[in-house]
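Heads up, the thing below is written out as structure tokens.
Residue numbers (this note's numbering), protein chains in the order written: chain Y, 129 to 660; chain D, 129 to 660.
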């Protein structure tokens, strides 16, 4: 059991100890390299790099590698874990062998030279290593944990008389959930089966000491990602202990004003890293759902007031007319600079208050509590509807310049500012949102699925899953990507190098939740068969 | 205690076990970085790279390092050990920090880019590392053991918000001898004191699990180096246990013909790596001297026959006229391709037989044994003198083409083919050896010192120590270099890149033996004061 000490970020020691008690055991399993592959320029492939098998990895032990050679290994699926190499040389009495290695989730990331990196978040996230092997034969474990499907090995030093053989290369994969994914539901076609498996694998790979957002990049516990992971967890691995641990870590790391952080960094001691207003508001929904899913509402009793307190950071931005003035808060909603977030964050707050009211009822608070909360939500709803809903067009605008966006409608529907009937109309009619700002991240795409479900639009929900998430699958994804724009292979929100994008990201793996909870499990493929 | 198993190189298990029992304890001590230095182009400096202090390393903890920065640390002396770094960042919530590091013995090696390496033995011997630090603050130990005075640190990844501070950098130095060098003898001037200290430091740094030839490159137990180390050890650290361990390892690894190897590699199991005729012959002298120095002749009794057996590999090359025909043996003598080794190897054999005769007497063999051995030595001596000594010129030629070399005279003197009087004449008169092949390596330079001593030429001995080894000292050496040619900064026997040369090498550290055993401890500096 890990003991956390109180640090200077106002973490609460007692609450941290409750999280430490829940530190999960991490299971490991061995995955040998499956094949040696060629990476080739191929404009039709995702990010223009194609992968073709050169030979099965079983034959690797007979290949002699010399200085200057590069081989690329494919492990057959995206994994998180340590990498072990077993090497032999054909002559032991020679100079040390030096290898440069690159672990990569996607072919482009594997193929591009790390020296050319120009991304915004840092080359440090590229999974590069350099190792020196002085004695042969040798078994080596690379020093870090990686998220990878591909491993590039460059022999940068190896004297003439000492060519090297890679006798074995394996990933010691790791997850608290173990290796096995959840079996598909009966009746699913191949596409839905693949999508669901990629969701489970995404979650599995993020299930480590904490529920990470991306095991390649960030590796943190983010509140926004966590709520979505908790949904998928409920229909797959059901590790409610890990969700509880996450909730406790976030709650314990609230700041001096009592605000729950957007993210927790675990080392050297758990501490807050980012404060994001919409994430803090969502905490009430996370807590409500966890109490429902796990059947254990003790933690709801413990943390209800903290969840309710998050509303105060929203309330302080409201004027008497119900206009919201952002008081320097970071509001996320989506990866989109130009998005006006005003209506969306008000709706998030309404949705949070509705969730709190439900939680109050679940926890058997005096009925007055839920009633007061609902009254406040109703007030905000009508103020926003009055200021920003256009009854003629049936859309919800946002902000002073009355910006039109998908985000606004999605959150308007979830908050009940738009009725489900109005929601159906606006989401079904492409003309209504003509020129409106589209969703950018899978995070907002998830909330679109929630809006579809709330409006009973199961066909559209399935179509979106097939087109958007299915689009990633047919472009090679077996875990879902942090960032995906079908028409832009190289899109990144982080500067200009897509290699900082995570290809296994918590917030992208939610279709499995909808597929496993929807009443209509199978829908025809409405995206066309040749879309990628 | 390490147990060695019998391997496929005909190692003898029982003998290996006796070596394993003698596995030494390695002592460690911490050496913090002394200063941050600038490496600057400077034609007057050795290898054209000058070193100047930028600021004391104590101030490092206040320096913020950003992506793209390089710093060079000087530890104040050449050390062997592990490197530990303590890092902090000015903002914990950011991308990992990636450092490229290069540990180096000499300024040029530190300054030159590893990517430009073009040496013969392999870039693998350059002491390069790349590490990634995910969590801050962090204490890191680099993965390998290095021989270094300088450490170059390049910050190759560090996001803008996460500049890094090197709070502490230290070498955990290691040697079986511990940190302390042997104090100088009274009456020495500064130059002799420095030379002697560099000899002790060279030996200290080579004293590891085995007595290594070079702790940067090779890291093996070489018989030729060992004999010279054993001489210095006798007047400094007196670790006869380590010499005995080395003798046993070499003896245990003899091949199927009973030939003792030139070198032993320890991993995965001790095994022979090179068979060198003159090294095998020298084994008898090594054994004799060890019995004398340690005062324990048990090992002499055990290994006498094995030492004697080495002569058979020489004898099989002799025809009835005393001409030696090399039967595909590697004969070292010196790092010099064009050197004819015929006379030198015959002399080495004579010297070895003389040594065996002395050992037979020390071990109280029947007097007949020494007599027979001496008779054989006398026979070879007179045959060689008849075939290759020119009484008119007073020099010993070598081979069919009657090549003239320093090596021939040196070994002729040691073998008594030239009398000490003849030796004095030839070594004192520069005209005699005009056009003769000069010594290349410090290894042969050592045998020149032995020849001087045998001839009673203490002034010339001291002059050579001051000029040759003193020349390295005034060019910055605090351990002695494997390779040194005053007029050629970039000379290397290994291809065209001097970075494969070792700057701390066993066979170069013997002046200390002569200084500490000579009767005349102080001689004037005859090299001139401005020679470097």
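All C-beta atoms, glycine included, are put in the ideal place defined by N, C-alpha and C.
No experiment lies behind these values; they were computed from the predicted model shown.
Beta-carbon proximity list for residue 234/Y, same chain, < 7 Å, skipping 5 on both sides: 175, 631
Indicate whether the contact test is met: 3 or more Cβ pairs, each with one atom in the region 457 to 467 of chain D and one in the region 493 to 503 of chain D, closer than 8 Å. no
Is residue 661/Y near residue 284/Y, with beta carbons less than 9 Å apart? Since the displayed chain Y opens at 129 and closes at 660, residue 661/Y lies outside it and no answer follows.
Is the CB-CB distance between residue 475/Y and residue 569/Y below 9 Å? no
Which listed residue (272/D, 628/D, 638/D, 635/D) has its alpha carbon closest to that of residue 237/D: 628/D
Say whether the region 253 to 272 of chain D touches the region 162 to 176 of chain D, bearing in mind that this needs 3 or more beta-carbon pairs closer than 8 Å, one atom from each stretch. no
Given that a residue counts as buried once 16 or more other Cβ atoms are within 10 Å of its Cβ, and exposed if not, what is residue 246/Y? exposed
Under 8 Å Cβ to Cβ from residue 625/D, same chain only, skipping five residues before and after it: list those, please. 245, 246, 247, 248
Whose Cβ in chain Y lies nearer than 9 Å to the Cβ of residue 283/D? Near residue 283/D there are no residues of chain Y at all, since even the closest Cβ is about 10 Å away, more than 9 Å.
Measuring straight from C-alpha to C-alpha, what distance separates residue 298/Y and residue 197/Y? 20 Å
Secondary structure, beta strand (DSSP E): runs of 3+ residues fully inside the region 335 to 398 of chain Y: 391 to 393
Just mark residue 137/D as buried or exposed, buried being the case when its beta carbon has 16 or more other beta carbons within 10 Å. Confidence at residue 137/D is low in this model, with a pLDDT of 46, below 50, so the placement of that residue is unreliable and no value is reported for it.
Out of 433/Y, 606/Y, 599/Y, state which residue places its alpha-carbon closest to the alpha-carbon of residue 616/Y. 599/Y
Chain D contact residues for residue 624/Y, given Cβ-Cβ distances below 7 Å: None at all; the shortest Cβ gap to chain D is about 15 Å.
Alpha carbon to alpha carbon, how far is residue 419/Y from residue 351/Y? 16 Å
Starting from residue 258/D, trace the alpha helix (DSSP H) in both directions and tell me its first and last residue. First-last for residue 258/D: 255 to 261, but that is the beta strand (DSSP E), not the alpha helix (DSSP H).
Who are residue 593/D's beta bridge partners in DSSP? Beta-bridge pairing links residue 593/D to no other residue.
What is the C-beta distance between residue 398/D and residue 377/D, in whole angstroms, given that I count them as a contact (C-beta under 8 Å)? 6 Å
Less than 9 Å between the beta carbons of residue 232/D and residue 279/D, yes or no? yes
So residue 661/Y is in the beta strand (DSSP E); what residue range does that whole segment cover? Outside the modelled stretch of chain Y, which goes from 129 to 660, sits residue 661/Y, for which no answer is possible.
Rounded C-alpha distance that separates residue 201/D from residue 239/D: 12 Å
Tell me which residues share the same chain as residue 450/D and place their Cβ nearer than 7 Å to its Cβ, disregarding the 5 neighbours each side in the sequence. 508, 511, 512, 515
Does any heavy atom of the ligand MG sit closer than 8 Å to the C-beta of residue 479/D? This structure simply doesn't include the ligand MG, nor any ligand for that matter.
Could you tell me whether the Cβ of residue 341/Y comes closer than 9 Å to any Cβ of chain D? no
Extract the residue ranges of the alpha helix (DSSP H) inside the region 218 to 250 of chain Y, only unbroken runs of 4 or more that lie entirely within it. 235 to 239
In the DSSP assignment, find the unbroken beta strand (DSSP E) run with residue 157/Y in it and report its ends. 155 to 160
What did DSSP end up calling residue 635/Y once you bin it into helix, strand or coil? helix
Please list the terminal residues of the continuous alpha helix (DSSP H) segment that includes residue 146/Y. 141 to 149
Measuring alpha carbon to alpha carbon, tell me which of 633/Y, 439/Y, 642/Y ends up nearest residue 331/Y. 633/Y
Taking Cβ-Cβ distances below 7 Å as the criterion, which residues of the region 228 to 254 of chain Y are in contact with chain D? 249, 250, 251, 252, 253
In angstroms with no decimal places, state the Cα-to-Cα distance between residue 517/D and residue 547/D. 11 Å
Which bits of chain D does residue 395/Y rub up against, with CB to CB less than 7 Å? 263
Between the region 193 to 217 of chain Y and chain D, which residues of the former have a C-beta closer than 9 Å to a C-beta of the latter? 195
Chain Y beta carbons: is any one of them nearer than 9 Å to that of residue 337/D? no
Residue 495/D, buried or exposed, once every other Cβ within 10 Å from all chains shown has been counted against 16: exposed
Contact set for residue 191/Y: own chain, Cβ-Cβ below 7 Å, skip 5 residues either direction: 293
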